[in-house]
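From first to last, the protein sequence lines stand for chains G and Z. Those letters in the first sequence? Residues 1 to 326, by the UniProt record's numbering. Those letters in the second sequence? Residues 1 to 326, by the UniProt record's numbering. Every residue gets a Cβ at the ideal spot worked out from N, C-alpha and C, and that includes glycine.
Protein chains: 2
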Amino acid sequence: MTTIKDVAHHAEVSVATVSRVINRNGYVNEDTRKKVEAAVDLLNYKPNSVARSLFKKQSKTIGIIVPDITNPYFPELVRGVEDYLIQKGFTTILCNSDEDPEKERLYLDVMKQKYVDGAIIVSNTIERDLIAEYDMPVVALDRSIHQDIPTFAIDNRSGGRKAAEHLLEVGCTRIGHIKGPDKVENSDNRYLGYIDVIKQQDWFLSSYVVEGNFDQKEAAKVTKELLQSHPEIDGIFAGNDVMALGALKAAESLNLNVPEDLAIIGFDGIDLTEMTKPELSTLSQPIYQMSREAAEALTALIEGKMVKEKENVFPSTLIKRQSTKR
Amino acid sequence: MTTIKDVAHHAEVSVATVSRVINRNGYVNEDTRKKVEAAVDLLNYKPNSVARSLFKKQSKTIGIIVPDITNPYFPELVRGVEDYLIQKGFTTILCNSDEDPEKERLYLDVMKQKYVDGAIIVSNTIERDLIAEYDMPVVALDRSIHQDIPTFAIDNRSGGRKAAEHLLEVGCTRIGHIKGPDKVENSDNRYLGYIDVIKQQDWFLSSYVVEGNFDQKEAAKVTKELLQSHPEIDGIFAGNDVMALGALKAAESLNLNVPEDLAIIGFDGIDLTEMTKPELSTLSQPIYQMSREAAEALTALIEGKMVKEKENVFPSTLIKRQSTKR
DNA sequence: TACTAATCTGTAACCCGTTACACATTATTC
DNA sequence: GAATAATGTGTAACGGGTTACAGATTAGTA
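Below, the structure is given as structure tokens:
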């Protein structure tokens with residue numbers, strides 16, 4: 001590995017001069033610069049980021065904590081972040097938390113020790129006080145953490161409303177909701193959006209709402225139970241696409257035709273929704289855009305700029321497909 | 001940020017002693033150790049990984065290069081790697097190459113500069129000579145790079161054979177193949193497996209094989225064309241699950257029933273295959289296991305152990321589902 | 001011409017750990 | 001009791017950059 005000393009020696013200058021050339025700061029004579037650049041090329045010198053980090057106390061690295069990259073919602077999120085950051089000269093450390101506070105803490109510890117410049121966090125459990133301990137720029141993505149921390153998320157409530165309204169529009173007369181886990185902001189707000197619309201209906205029963213844990217199998221199970229105890233239900237709003245898929249499976253197992261007997265709409269707009277039969281209607285999130293902007297905000301924070309807008313709410317878009325076409 | 005000096009000062013010892021306590025090496029008196037540990041706890045001292053890396057010339061970080069985390073095959077692969085490595089004390093840098101040699105090179109440069117300890121690479125384009133330039137432990141995953149580099153991959157050819165045989169067994173009389181991109185080891189070998197079985201059939205035509213680029217939309221297009229020009233085809237082996245899905249879409253658009261009119265089988269065993277209707281038969285890969293073992297091999301390499309087995313071939317498992325049930 | 005400002009370059013301290021080496025003390029062995 | 005081994009601890013160099021500071025030239029100005 002060639003070091004700055006090797007280059008200095010080769011170019012017959014001091015390491016300070018080489019450093020100045022590399023970083024384009026301070027005065028350097030044109031001829032000297034050329035000599036140094038020639039030596040850099042000749043020796044194929046690449047400055048050592050670790051040494052630089054040690055001095056500068058920053059690493060040009062950021063961490064992204066997601067619950068589970070295996071969940072189809074997150075790859076695109078991570079991709080949006082990574083794409084932007086690499087182009088800004090940052091590398092991205094991937095952290096799968098499984099929503100486990102211990103793991104989250106572990107990852108934050110590691111980040112701190114590695115002089116990571118900042119973190120993008122998707123979490124329900126991390127609190128502002130914990131983040132304060134680590135004293136690094138943080139941006140919340142998909143779920144808010146605290147009003148002081150810049151957040152990039154979907155307007156879940158209005159999305160929930162749109163979903164319920166759409167089901168009413170296509171003629172559903174009894175609409176159930178497969179809700180995500182309790183006390184998770186996303187699922188709660190989507191549920192509230194549904195309630196906003198449905199509570200005005202005289203037929204509404206609280207037993208039309210069941211909890212599905214954002215998981216396909218679980219959603220299939222609870223949907224089946226729901227449809228068995230409430231055969232009058234002809235429309236289902238699932239709290240995310242994966243659960244909508246579970247609902248689709250449930251309908252199938254009960255020999256219900258979608259959309260004729262049962263209309264189904266999901267939430268998220270992951271690619272999966274185009275791959276089912278019938279294709280799933282959904283509330284699509286601008287995932288890539290959102291994550292990219294989160295990454296932008298993080299780099300701004302790292303560069304010491306204030307981000308004026310703490311709350312960045314993105315609209316969801318209704319995508320009408322076969323599963324609600326009636 | 002507390003440093004080792006702070007701790008030393010607090011415990012009234014030298015930094016060397018603190019270092020010895022932290023790393024549990026060298027002689028340290030029991031009482032001294034306790035004093036130091038108390039100071040560490042009190043000050044919540046976490047050693048600075050960057051400084052350590054600089055001296056040790058290793059970073060407890062590895063890079064993983066995948067084409068695109070957004071492709072449903074890779075998240076599980078990455079997860080297998082990350083899970084194993086975090087537990088071994090390594091963090092994982094995620095790199096999306098888009099199969100672009102420039103990006104691959106850029107990522108390798110960054111890794112080198114950050115003293116990354118090793119890399120796990122999924123690539124068709126990276127060559128051994130390039131890797132040699134970087135002089136770091138490398139393991140190839142999913143696709144081989146060179147016989148000198150430990151490889152963890154599926155037995156694609158035998159998988160291709162199993163797929164073709166299965167279609168014959170369920171009674172298909174004309175079997176087409178949607179092949180992945182040319183000169184990509186995986187697609188070529190799956191194709192060869194198909195040929196191994198099909199070439200003995202007197203009905204075989206080379207026009208039964210079309211190329212689909214591992215992409216759903218493209219696969220749907222070429223499958224449709226294939227079925228239109230060869231309506232006698234009643235079985236399709238797609239080079240991966242995403243293309244099998246495209247084939248399913250094509251069948252649908254031609255009003256063909258799956259599996260009655262057309263049996264379809266994919267390759268990979270991603271979760272998606274359980275989510276379609278009908279559910280897709282596929283050759284399932286032990287993705288998580290394979291990637292975990294790749295990570296194990298990489299850490300072994302990093303620790304200076306030789307990995308005896310360069311070629312680690314994993315079997316695929318035939319999963320029979322509705323799409324080939326006839 | 002004299003003086004100030006701008007340009008150029010090198011020396012050395014610093015970032016924060018790790019460890020070779022030296023020295024001191026205590027334990028073991030004959 | 002002397003010699004040797006084992007234990008305990010500190011000093012300082014080192015890893016590879018960055019930059020404050022000083023000193024030397026050159027350019028610009030009155």
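* Assuming G/A16 contacts G/I62 under a Cβ cut-off of 8 angstroms, what Cβ separation, rounded to an integer in Å, is found between them? -> No, G/A16 and G/I62 are not in contact; Cβ-Cβ is about 30 angstroms, not under 8 angstroms.
* Asked: What are the partner residues of G/K179, as DSSP defines its beta bridges?
  -> G/E211
* Flag this pair as yes or no: are the beta carbons of G/I121 and G/I65 separated by less than 8 angstroms? => yes
* Asked: What are the boundary residues of the beta strand (DSSP E) that includes Z/N96?
  -> Looking at the DSSP string, the run of the beta strand (DSSP E) that includes Z/N96 is T91 to N96.
* Asked: Can you tell me whether G/R161 is buried or exposed, with buried defined as 16 or more other CB within 10 angstroms of its CB?
  -> buried
* Asked: Can you tell which of Z/T125, Z/C172 and Z/D182 has the C-alpha that lies nearest to the C-alpha of Z/F204?
  -> Per the Cα distances, Z/C172.
* Closest by CA to Z/Y73, which one among Z/T317, Z/R33 and Z/T273? -> Nearest Cα to Z/Y73 within the set Z/T317, Z/R33 and Z/T273: Z/T273.
* To do: Mind listing the chain Z neighbours of G/S59? Cutoff is C-beta to C-beta under 9 angstroms, in chain order.
  => V50 and K114
* Please say whether Z/A244 and Z/I198 have beta carbons closer to each other than 8 angstroms? => no
* Can you tell me which of Z/V7, Z/Y134, Z/L298 and Z/Y208 puts its alpha carbon nearest to the alpha carbon of Z/Y107? => Z/Y134
* Beta-carbon neighbours of G/S53, restricted to chain Z and to distances below 7 angstroms -> V50
* Whose C-beta lies closer than 6 angstroms to the C-beta of G/L77 among residues of the same chain, with five residues either side of it excluded? -> I287 and S291
* Relative to chain Z, which residues along the stretch 274-292 of chain G have a C-beta separation below 7 angstroms, given in chain order? -> If the cut-off is 7 angstroms between Cβ atoms, the stretch 274-292 of chain G has M275, T276 and K277 near chain Z.
* To do: For chain G, find out if any of its Cβ atoms is closer than 8 angstroms to the Cβ of Z/P47; answer yes or no.
  => yes
* **Secondary structure, alpha helix (DSSP H): runs of 4+ residues fully inside the stretch 261-308 of chain Z** => 287-302
* Check each candidate in Z/D83, Z/N257 and Z/A51 and name the one with the smallest Cα separation from Z/T324. => If we check each option's Cα against that of Z/T324, Z/N257 comes out closest.
* Asked: By the criterion of Cβ-Cβ separation under 7 angstroms, what are the contact partners of Z/N255 in chain G?
  -> None at all; the shortest Cβ gap to chain G is about 13 angstroms.
* Name the two residues that bound the continuous beta strand (DSSP E) containing G/F314. => E311 to F314
* Taking contact to mean at least 3 C-beta pairs separated by less than 8 angstroms, is the stretch 41-48 of chain Z in contact with the stretch 40-53 of chain G? -> no
* Write down every uninterrupted run of the alpha helix (DSSP H) in the stretch 13-74 of chain Z whose length is 4 residues or greater and which is fully enclosed by it, in chain order. => 15-23, 30-43 and 49-56
* Asked: Looking at the structure shown, is G/I131 part of a helix, part of a strand, or coil, going by DSSP?
  -> helix
* Asked: At a Cβ threshold of 8 angstroms, is G/D109 touching chain Z?
  -> At least one chain Z Cβ lies under 8 angstroms of G/D109.
* Verify the CB distance criterion: does G/V78 have a CB-CB separation below 8 angstroms to chain Z? => Interface residue, yes.
* **Contacts that G/E82 makes with chain Z (C-beta to C-beta distance below 9 angstroms)** => I69, L94, C95 and N96
* Using a Cβ-Cβ cut-off of 8 angstroms, state whether Z/S252 counts as contacting chain G. => The residue asked about is misnamed: residue 252 of chain Z is Glu in this sequence, not Ser. Interface residue, yes.
* Could you give the residue range of the alpha helix (DSSP H) that holds Z/T223? -> Q216 to S229
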